[in-house]
Each structure stands twice: as structure tokens, then as C-alpha cells.
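Each protein sequence line maps, in turn, to chains A and B. Start counting at 1 in the first sequence, then tack on 24, and there's your number in the numbering used here. Start counting at 1 in the second sequence, then tack on 41, and there's your number in the numbering used here. Glycine included, each C-beta is placed from N, C-alpha and C at the ideal position.
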Amino acid sequence: MLLNETNYWRFSKIPNIEESNFNKVLERFYDMKVTGLVRENIQNSLDGKFKSYEGPVSVKIQTGELETRCIPGNEELIDRIRALQGRNSYTKETIRHMLNKVDQRSVSYISFEDQNTKGLTGASYGQSNSKQHTWGIYAYNKGVHFEESDSTIETARGGSHGVGKIASNAASDIHLMFFANCDQNGEQHLGGTIQLIEHAYKDQYYRASGYFAKLQQDNDTSTKFMPFKNDFHEVFSKTTRGLKIIIPYLRKGYAETDDIITSVCDSFFMSIIEGKLEVEVNNIKINSDTIHDIVTSSTYYEQKIEEVKKIFTPLYVNTYLEKAPQNLVISDSRQNFNFRLYFNYDERITKGRVAIVRTVGMKIEDLKVKGNVNKPFNAVLIGGPEEDSYLKSLENESHTELSSDHIKDPILQRQAKRFINNLSKEISKVIESAIKANNPADGMINTEDILYVVETEFKQDLQSSMGTVLINNKPVVKSKTTVKKKEKRNAKENINKNEKKDRKQTRNPLKLQKSPSGEHDGESTSKKYSAHPEMVERIIVQDKEYLNFDFTKSAEIMNDQSCDIGLAVIDGMGVEHTNEFDLASSYLDIRNPNNFTKYDIENNLIKDVEIIEGKAQLELSLLPQYNRTLKFVYYVEVPNDL
Amino acid sequence: MIYKKNANFPYPVLTNDSHSYAESNFILDVSLEESSNMYRLKYKYELDSPFLENLLKENRVQLLLIIQSRDNKYYRVEDTDQYVDIPKSRLSLNKRTSVQLQIQSKEEINFSLNEDLNDFYLQFKEKLNVSKHALLAYSNVVVFEGSTTKPFELFEKKVNPTLSSDIKIELGTETIIINYRNPEYQFVEFSQSNKLNNPYIYTGLSRALHQFIINNGEDQETVDLEVCDLPSSPLDIKLYQLMTKKMVTEISIDSIDEVIHKISDHIIDKYISAIKGLAQHGD
């Protein structure tokens, strides 16, 4: 049965106050500002990816203003905050800050909504203490993370300290966060937490953490939390499977779109390039198609390589995309770990850093290699699943640094130290050999080498796009015609895909033809274009031929009312024969299948074909002597406007 | 024969360029090995049209591997084969060799079960019959260039005191050659000499790309890299590869500088830094 109280927020009762501080983790995340918030939430989304889904996890980040009356239980929370008693200068200051914020009628918020993720399970069981019910763990426990039953996924996932969700509390002036969940059955629930301090309220002592939940009496001695069904304000709604984090009372400076975008790119450039993740920040899309434009835009990043001192993302992206990886074996004296190192030597770089990246695609740290902090290089290091789980054990709680300090077992700690030292040593070797190769030792430079640097760059590009085989001890170079895979038509996130398509297909499939006499365009009365076969659809069924022309990608014709259409035969060798085919002796009549307008043939051209919304359709009746096996290319003529 | 030039067939054909099949691809990759008297062409393909895959299974269509060198050779291959062996006496790899995979009908094929077509063709599929020996699909083309001596070099430099100009840019068959009349023009005594030569590199690239457009453009003004045939000159192939790798899709006389910017790694920027460095250090 549900206890008969109308409250939204639950604080557990305790016999007395023992701890007078705020949760320590809050402060650490507070220091990491918006970067920490973005990292924790996106990492959770990546971890929650559908196992069977191959496309990217998508995360939508939105910021805005929210009226406080729309925040469920806002008044209750303000009552609690007013009851807090600081017992040291730090807590006093924090409470003062909270009290300064609670009188606002409208506050800013940020939300992170993910898709193609599992969401949490078992919300309807509430606080069930079952490993399968991830809602119960996420909503009502601290410092616990739910383990994947599949061990390879468990090692690839990001978090393991189980403190991630507190990053969201830390971003709120009053340490408040909500999470809206929609599970595989479409069940929608809203949960939330607030991190205060242990306090007295109406003659009773309470724990520091408050939960947005109903209380259900299980038996005489125990109660459990049950979530609310989500029918709150639209900012809190999550209607597709997955999780949405909502943080009201967002701290000042956390809502800058540009900062959020760079935070996403800084931590997750690899996931995004690899197509494992796409993020939308206030309608700006960051995906594998756009990330290159973002990191090379001076709006977001310093573009002068000499000036790159703190944020290295544009360099990492360039290194990862342009350089071939080399293998790097690093030992912790007990076991060897195999990494791939993408390494770039560029004399304009003033600070040399190595991005340590986990397979899930999240950067852990900008590693400073001992003695090489100011060397002109940039590198990206990534391992496999085994390396991943080792790196994970070396990470500090905020996933931002490799260290051995937090490891308790002295043997493991020694191994970790050894590993971190060896990592630096191996990378130093690579750096040194690159410096040597680029700076010949003596003062007199070999004149043969003046083109060497430029030449090597081109060579690398050529080698990566053309393979060679040695045949008769001579290299034979292999190349392929370009293949662009077609988009899937039934993909779930059609909106994104369509935009991608538009970007790729801006190339105009119509090509202007010069008249044979070479006269200038302005002088002839009509313009002739060849229509690339991709914009024409053609089929013969029984004694009818159907043609469809799509001019929507060709601005020149798009707005014309009509055009003339001619054609040329393509023979078995791919050669065009312009005057071989006689329209009049092949087609009985030609008309528009939609309105039955007849089209005439004149000078071997189909005249005045109507263009309706950029498309022209024809239905042609065939004469018996028509050669049904021929292949064509089509020409389109329109009057010259000039 | 290998289909490179796209044309409008009187029925839908699966190719990687046309949209007749809404989302299917037919992608070929070939690798080459040799033994003492044989070349072995190992091929892999990716076909994701359920309709055609099914026809293959039912043995109603035939896979054909086409190898075009001096002449055309056809190999009927089975779904399960992974390579063909060709005696060295019958295949010369000194010239360009192109390989394509095709699917041909072995009997009249009715298309009414073909759900892979695009919306235009779907409305006709019930009535569509394609005759025996008709081409139903063709893949991309894998090309092996005749043996080149400098497969990956783009530039060469020479010093020639008899030159009638200080610098001369020449386009060789495989490389761009920068000729200097005086070795001094290479800035050899400067530590940054490689960067100080970048303006010559720039000029060389500009010249070569201009020639590329003349060689490969239908109107000598633009080349659409997504549909043009693979260039025949070894130098043009290298430029083509560099451009497609950097996602350049079209080059025209007007866009040569942009293309150089994309395919080269900041050569002007590096030149400027080098000059600034010299100015500051006065060396």
C-alpha cells in the first residue's frame, strides 16, 4: 500500500546528525565545470547503448529557462533548504548560495536526452535491491554501478566508480537533478535526487540525500521508494526508450552552447569520428560528418597550431584521421599490453600531448610524457578490451587521469607505477626517433632532402589510399573507383540521415554542354545539358516506356517550366552515338502520364516537356521496330535566358 | 566488357552509383598474389540485395568476374569461390588491369518479388520481366596499375645549370619535377630549407592540377571526380587519389587553390612560419 502523503520528496529519517558536510564528490565535479557534467552524462549514454543496434547512440543536449512552479516539489525542497544549518564555513557558504537562488521565479536548466539506448529497467518495482532492476540502483543508491552481464561490454563501458550521477547534482545551484526514463515497454517514469546535508526538519533528523519518490509500506518494519509516473512539464518528458537527465537551477556559466560543444568534442572526438556517438547541442549537430568542420572552425577552437597550448582536440582529430597507427607494447612487468599509437610530428606544435582514449571512444587524459612536454608532436593512444579494463583500473574517480595513487593493494600499485613509467618511456622513444628523422644531426643539410618533408606527407596519403603488391619484384599499385554506400531507407533517425544526404548530394548531376563550334553560352538560343544517369529513371514494361527526370538538385533547370529532351545511344564499349537513334521511328506517341499532355518530336528532340516541382515524367508508347535492348544517356535543352 | 560509363538501361540495374535499388550495394575488393607461373586474384564482394542474393542461391543468375587488361576475360565464378588462378602467360600486369564483378541472368527473371527497388521501379515490378543473359548488377572497378617505378612519389627535383629560366616546373609521366638552375635557389644553407621550398611545391601542384583538368575534364574546365573515369596518366592517378582521399569531389580551373589547400598539409602556413622564424632569429 502507498502511504497517504502528498509529498514529492523523501528524506530518510535518522536518529541524529553525524556528518555535517556536503558529499565530497560534489566539490570535485564542481571544479570540473561543464566538462565534467558533459563527460559523465554522455558516458552513461554510451554505456547504455542497445547491444543489437549498430548505429550511433544519440544524445540531445538542450538548455533553456524553466519556471520554478513547473519543478515538481519545488516548495518542499525550498523548505528543506531553509532548514539547513551550516556547522563550518564551507557548508555555511554553500547554504547561503542555495538560499540566494531559491527565490527565483524562473531558472535555467540543461537536459541530456539519449536515444538508441536501453534506458533503465524495472522502474515499476521501485527500490527492489535486485541487480536486474537498474532503475532501483540508479535512483536510490550511491556509489554503486550496475554491472553488465556480458563481460566484454562491462570492460568497454566508461564508469565504474559509480559517482557519475552526482556530477549532475553538482551542476545545480541547489544540487538538484531529475531523470526521466522510458523503458522498452514504453513505461515512463520520473525520478530525481537532491544532495543536501543531514538536517533537522520539524523536530526530526533526516539524511542528506532526498529522493523524488513515493513511499510504499512493504511490511511493518520496512518501506520502499516507488517512482512517479511521468506526467510532468514537457521539459521533464521522455517518450522514446532511453534516459533523460534534467538539471534545474543550472549554475551560471554552464549553459553556453559553444562550451558544451567543445566539451563534447574534447572528450568524445573518437566516438564521434567512429560513428558510435552523435550529439545535438541546442540544434547544432555533432556527428562524424560535422566534427571535422567543428574542430577546424575558429569559432570553437584555436586554429593556429603554434598557439595551441591547452586544448588539443583539433590536433588529435587530425592525427587520428591522417596518420597510420603503429603498435606499441607496454608492460607492467607481469603482462604485456598492446596499444595503437597514432603519431604526428609537426614543428609548429609547441606542447606535445598524447590523448589516452578508451575503446568506448572517451578521452581520459592529455598525457604529458616526462621530458617531452614541449616537443613538437601530437599523438593518440588506444588499446583493445584488455587494455581498456587495465586503463580503467588506473583511472581516478573523475576519469581524467591515470594514476597509481588510488590503488590500495601494494603489489598492484607497484605494477601500475611500472606501467605508467613504461608508457612514458615507450612514447618517448617514438618521439625521439621522429625528432631525429626530421632533424638531421649535423649542421649541413643534405640537399637531396629539401623536398623530403613535403614529399613524405604526400607519400603517406598516397600509400594509405592505394595498396601495392610486388609482382615480378616490381610494385603494382592497386586503386579502386570510389564507392559511396547508399543510405538505408528505413533507418530510425531518418531526419539526420536526410540531412546527411543533402550534404553529400549537393553535386549537380546536370552538366552544361558546349556547342561544338565552341561559341559562348550567351550567343546560342538554348543551353544543352547532359543528364547524369543517376537523375533519370527509365523502364520498359510491355509496349510502354516510362521516364522520370529529377531536376531538384539542379538550380538551373529547377525553375524552368519546360525543357526539350534528347538522347544518345551508349554501345557495348561505353561509346556514345549521338545521331543514331531516331525518336520518330521508335515512339508512337509520348505524353505526360499525369495529365495526358502530348509531346511532339521535332529535330529528334521531345519538345516542351513540362517540369512540375522539379520533375518531368514521360510515358512513351513503343513502335514494333523499337530496339528494346538499347541503353541511353539523356540530354536536356532549355532556352537561354541571356 | 567492364561497365564504367553509366547509362540508363531499359530496366533497373544494381550499381553503386544509380538509385534504381534503393539501398543495395555491390562492392568488390580484389587482392593479387603470384606463384611461379600463376597470378591468383582473390576477390571478396559485398552484395546486400536480398532479391539478387536469392537468385544467386537458386542458381538463376550467374556471377561473372571480368578482367580487362589488353583484352577482356570472363570467368564464371560460383558464390562460394574466393579466387581465380590465371596463368602468367595469359595475363600481363605491365599495363593497367581492371577487374569488375557482374551478375547476369541465366533465364528470364520476373521482378515481382524484388522489394529492393526504389519507389519508381516498385510500381512496375509486377509486370517487369528481364530476359536471359541480361546484366542485372555490376560492381565498382578495382584497378591494378601497370608497374610504375615511383608508385608513391609525387615530386622530384633536379639542378640544371643550362636552364634558360631560374626555375622550371616540368610534368613528368609519374612525378612533378622542379628544376633549379642554381643550387642556391633551394635555400640549402638555411635550417628550414624544406619549408622555404614550399612556394615551388605550390606552383608545381598548381601546374599539375591544371593539366589534370585538361586531361580529364570533358569541357577542359571542370572534372567531376565522383563520376570521371580513372585517369590514365600515372601522375594524374596520384593526384586523383590525393583528392578523393581528402574528399574533394570536383575540381575546376577556379578551385585549384582550394584543392591545393585541401590536399597539402598547410604548405603556405609552414612557409610563413619558417620566414618568421628566420626574421626573428636573424640566421
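Which residues, taken in chain order from the stretch 94 to 110 of chain B, show a beta carbon closer than 8 Å to some beta carbon of chain A? Listed in chain order, the positions of the stretch 94 to 110 of chain B with a beta carbon within less than 8 Å of a beta carbon of chain A would be empty, since no residue qualifies.
Three or more C-beta pairs below 8 Å linking the stretch 120 to 132 of chain B and the stretch 166 to 174 of chain B: No, the stretch 120 to 132 of chain B does not touch the stretch 166 to 174 of chain B.
Bounding residues of the alpha helix (DSSP H) (the contiguous stretch that carries P663(A)): The sequence position of residue 663(A) within the first sequence is 639, counting from 1. For P663(A), no alpha helix (DSSP H) encloses it; the enclosing beta strand (DSSP E) starts and ends at K655 to P663.
Where in the stretch 557 to 601 of chain A do unbroken runs of the beta strand (DSSP E), each at least 3 residues long, occur, reported from the N-terminal end onward? The stretch 557 to 601 of chain A contains these whole beta strand (DSSP E) runs: 560 to 565, 568 to 574 and 586 to 594.
For the stretch 168 to 202 of chain B, which residues have a CB atom closer than 7 Å to at least one CB atom of chain A, in sequence order? Within the stretch 168 to 202 of chain B, the qualifying residues are K168, L169, N181, V182, V183, V184, F185, E186, S188, T189, P192, F193, E194, L195, F196 and K198.
Can the beta-carbon of S448(A) be found less than 9 Å from the beta-carbon of L391(A)? The count along the first sequence starts at 1 and reaches residue 448(A) at position 424. The count along the first sequence starts at 1 and reaches residue 391(A) at position 367. Yes, they are a contact pair.
State yes or no: is the beta carbon of Y52(B) nearer than 9 Å to at least one beta carbon in chain A? For the purposes of this step, residue 52(B) is identified with residue 11 of the second sequence, where counting begins at 1. Y52(B) counts as touching chain A.
Roughly how many angstroms separate the alpha carbons of Q649(A) and K83(B), rounded to a whole number? Your numbering for residue 649(A) matches position 625 in the first sequence. Your numbering for residue 83(B) matches position 42 in the second sequence. If you take the alpha carbons of Q649(A) and K83(B), they lie about 45 Å apart.
Quick check: the Cα distance between S61(B) and A178(B), rounded to an integer number of angstroms? Looking up residue 61(B) in the second sequence gives position 20. Looking up residue 178(B) in the second sequence gives position 137. For S61(B) and A178(B), the distance between alpha carbons rounds to 11 Å.
Go to P128(B), then tell me how far its beta strand (DSSP E) extends in each direction, as first and last residue. Locating residue 128(B) in the second sequence gives position 87, counting from the first residue. For P128(B), the enclosing beta strand (DSSP E) starts and ends at Y124 to P128.
Runs of alpha helix (DSSP H) wholly within the stretch 85 to 144 of chain A (minimum 4 residues, chain order): Fully enclosed alpha helix (DSSP H) runs of no fewer than 4 residues occupy 98 to 107 and 113 to 125 of the stretch 85 to 144 of chain A, in order along the chain.
Span separating the alpha-carbon of D485(A) from that of F193(B): Position 461 of the first sequence, counting from 1, holds the residue named residue 485(A). Position 152 of the second sequence, counting from 1, holds the residue named residue 193(B). About 9 Å.
How about L266(A): is its C-beta nearer than 9 Å to some C-beta of chain B? Residue mapping note: residue 266(A) aligns to position 242 of the first sequence, counting from 1. In the sequence on display, residue 266(A) carries Gly and not Leu. By this cut-off, G266(A) is not an interface position.
Chain B contacts made by the stretch 637 to 660 of chain A, where a contact means CB separation under 8 Å: Listed in chain order, the positions of the stretch 637 to 660 of chain A with a beta carbon within less than 8 Å of a beta carbon of chain B are R652, T653, L654, K655, F656, V657 and Y658.
For N257(B), which residues of its own chain have a beta-carbon under 6 Å away from its beta-carbon, when the five flanking residues on both sides are left out? Taking the first residue of the second sequence as 1, we reach residue 257(B) at position 216. Cβ neighbours of N257(B) within its own chain (closer than 6 Å, five residues either side excluded): V264, C269 and P272.
For T138(B), report the span of its alpha helix (DSSP H) as first-last. Taking the second sequence and counting its residues from 1, one reaches residue 138(B) at position 97. Element bounds for T138(B): not the alpha helix (DSSP H) but the beta strand (DSSP E), T138 to S146.
Going along chain A, which residues have a C-beta under 8 Å from Y226(B)? Your numbering for residue 226(B) matches position 185 in the second sequence. Within chain A, not a single residue places a beta-carbon under 8 Å from that of Y226(B); the smallest gap is close to 10 Å.
Does the beta-carbon of M284(B) have 16 or more other beta-carbons within 10 angstroms, so that it is buried, or is it exposed? Start at 1 with the first residue of the second sequence, and residue 284(B) comes out as number 243. Label assigned to M284(B): buried.
Limits of the alpha helix (DSSP H) - the one that A237(A) falls within: Counting from one through the first sequence, the residue named residue 237(A) turns up at place 213. No residue range can be given for A237(A), since it is assigned to no alpha helix (DSSP H) and is classified by DSSP as neither H nor E.
How about G596(A) and N628(A): do their beta carbons lie closer than 9 Å? Translated into the one-based positions of the first sequence, residue 596(A) becomes position 572. Translated into the one-based positions of the first sequence, residue 628(A) becomes position 604. Against a cut-off of 9 Å, the Cβ pair of N628(A) and G596(A) comes out as no contact.
With a Cβ-Cβ cutoff of 9 Å, do S130(A) and Y278(A) count as a contact? If you number the first sequence from 1, residue 130(A) lands on position 106. If you number the first sequence from 1, residue 278(A) lands on position 254. Between S130(A) and Y278(A), the CB-CB gap reaches or exceeds 9 Å.
Would a check of beta-carbon distances place L283(B) closer than 9 Å to chain A? Mapped onto the second sequence, residue 283(B) falls at position 242. In terms of beta-carbon proximity, L283(B) lines the interface with chain A, with at least one pair separated by less than 9 Å.
For C689(A), name the three-state secondary structure that DSSP assigns. With chain A represented from 25 up to 666, any question about residue 689(A) goes unanswered, as that position is not in the structure.
Selection from E302(A), K328(A), K300(A) and N31(A) that minimises the alpha carbon distance to D310(B): Here residue 310(B) refers to the residue found at position 269 when the second sequence is read from its first residue. Closest by alpha carbon: K328(A).
Where the beta strand (DSSP E) containing M250(A) begins and where it ends: Against the first sequence, residue 250(A) aligns to sequence position 226. T247 to M250 is the span of the beta strand (DSSP E), which, as asked, contains M250(A).
DSSP-derived helix/strand/coil call for Y241(B): As a working mapping, residue 241(B) is identified with position 200 in the second sequence. Residue state, collapsed to three classes: helix.
Would you tell me roughly how many angstroms separate the C-alpha atoms of M250(A) and V83(A), rounded to the nearest one? Looking up residue 250(A) in the first sequence gives position 226. Looking up residue 83(A) in the first sequence gives position 59. If you draw a straight line from the Cα of M250(A) to the Cα of V83(A), it is about 27 Å long.
Near-chain B residues of the stretch 587 to 616 of chain A - C-beta to any C-beta below 7 Å: For the stretch 587 to 616 of chain A, the beta-carbon criterion of a distance under 7 Å to any beta-carbon of chain B is satisfied by I594, G596, M597 and G598.
If I measure Cβ to Cβ from A640(A) and keep anything under 6 Å in the same chain, skipping five residues before and after, which residues do I get? For the purposes of this step, residue 640(A) is identified with residue 616 of the first sequence, where counting begins at 1. These residues qualify, in order along the chain: F573 and V633.
Within 9 Å (strictly less), CB to CB, does F161(B) reach chain A? Position 120 of the second sequence holds residue 161(B). True, the Cβ-Cβ gap to chain A drops below 9 Å.
In terms of residues, what are the limits of the beta strand (DSSP E) holding V58(A)? For the purposes of this step, residue 58(A) is taken as the residue at position 34 of the first sequence. Boundaries around V58(A) are those of the alpha helix (DSSP H), K57 to D71, since no beta strand (DSSP E) includes it.
C-alpha distance - A465(A) paired with S457(A), whole-angstrom precision: Walking along the first sequence from the start, residue 465(A) turns up at place 441. Walking along the first sequence from the start, residue 457(A) turns up at place 433. Because A465(A) carries a pLDDT of 40, less than 50, the predicted location of this residue cannot be relied on, and the following value inherits that uncertainty. One C-alpha to the other measures close to 12 Å.
Run of the beta strand (DSSP E) containing V397(A), from where it starts to where it stops: Against the first sequence, residue 397(A) aligns to sequence position 373. Boundaries cannot be given for V397(A), as no beta strand (DSSP E) includes it and DSSP labels it neither H nor E.
Report all residues from its chain with a CB closer than 7 Å to the CB of S645(A); omit the five preceding and five following residues, and keep chain order. Here residue 645(A) refers to the residue found at position 621 of the first sequence. Excluding residues within five positions, the ones whose Cβ falls inside 7 Å are D567, K568, Y611, L612 and D613.
Beta-carbon proximity check, N155(B) vs E561(A), cutoff 9 Å: Counting from 1 along the second sequence, the entry for residue 155(B) is found at position 114. Counting from 1 along the first sequence, the entry for residue 561(A) is found at position 537. Remark: C-beta atoms of N155(B) and E561(A) do not approach each other more closely than 9 Å.
How is the beta strand (DSSP E) around H307(B) delimited, first residue to last? Looking up residue 307(B) in the second sequence gives position 266. H307(B) -> no beta strand (DSSP E), and no H or E assigned at all.
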